[in-house]
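Under our numbering, the first residue of the sequence shown carries the number 253, and numbering increases by one thereafter.
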Amino acid sequence: MGGEIITASTSLEIHDLRIACVGDRVRYPDGKESEIVSGAGFAATYKGLPIAIVGSATDNGDTVTGSLQNLAQVVEYADGDGIPGLLKPGYRVESQM
253 MGGEIITAST SLEIHDLRIA CVGDRVRYPD GKESEIVSGA GFAATYKGLP
303 IAIVGSATDN GDTVTGSLQN LAQVVEYADG DGIPGLLKPG YRVESQM
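(1) For the ligand SAH, is there any heavy atom lying closer than 7 angstroms to the beta carbon of V327?
(2) Decide if the segment 325 to 343 is in contact with the segment 279 to 287; the criterion is three or more beta carbon pairs, one per stretch, under 8 angstroms apart.
(3) May I ask you to report which of helix, strand or coil DSSP gives E287?
(4) Comparing alpha-carbon positions, which option in V326, T262, Q321 and N312 lies nearest P341?
(5) Residues in the same chain with beta-carbon distance under 8 angstroms from I335, minus the five sequence neighbours each way, listed in chain order, please.
(6) Work out the CA separation of I288 and Y343 for me, nearest whole Å.
(7) Which same chain residues, not among the five before or five after G318, have their C-beta less than 7 angstroms away from its C-beta?
As structure tokens, then:
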């Protein structure tokens, strides 16, 4: 069994669940914790921090593999320019801070 996101620094909610961002924490059944280090990039941010999505990496090398909500999606088209910062560790949008 994997970890569970235990902090969500945003005040945004989907289906009464707060949305997590880069910098929020994951706790594992053994009590160890890790930090979310990548997210939706420029496609979805809160105060300059990318929102965590399925595929987000943690600082221990794990990946977010599921979500309790399925209302929102981030779509990157193959024929487009790509989403700046998508799943790139350390990406921030400074102009939104």
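Note that the Cβ used here is the ideal one computed from N, Cα and C, for glycine as well. Bear in mind that the values here come from a model prediction, so they are computed numbers and not experimental data.
So, from the data block:
(1) This structure lacks the ligand SAH; in fact it carries no ligand of any kind.
(2) Too few Cβ pairs lie closer than 8 angstroms, so no.
(3) For the purposes of this step, residue 287 is taken as the residue at position 35 of the sequence shown. E287: strand per DSSP, three-state reduction.
(4) Within the sequence shown, the letter at position 89 stands for residue 341. Among V326, T262, Q321 and N312, the Cα nearest to that of P341 belongs to N312.
(5) Locating residue 335 in the sequence shown gives position 83, counting from the first residue. A292, G293, F294, A295, V326 and E328, listed in sequence order.
(6) Residue numbering aside, residue 343 sits at position 91 when the sequence shown is read from its first letter. Residue numbering aside, residue 288 sits at position 36 when the sequence shown is read from its first letter. Whole-angstrom Cα-Cα distance: 12 angstroms.
(7) If you number the sequence shown from 1, residue 318 lands on position 66. Scanning its chain for C-beta atoms nearer than 7 angstroms, with the 5 sequence neighbours on each side dropped, one finds around G318 the residues V306, in chain order.
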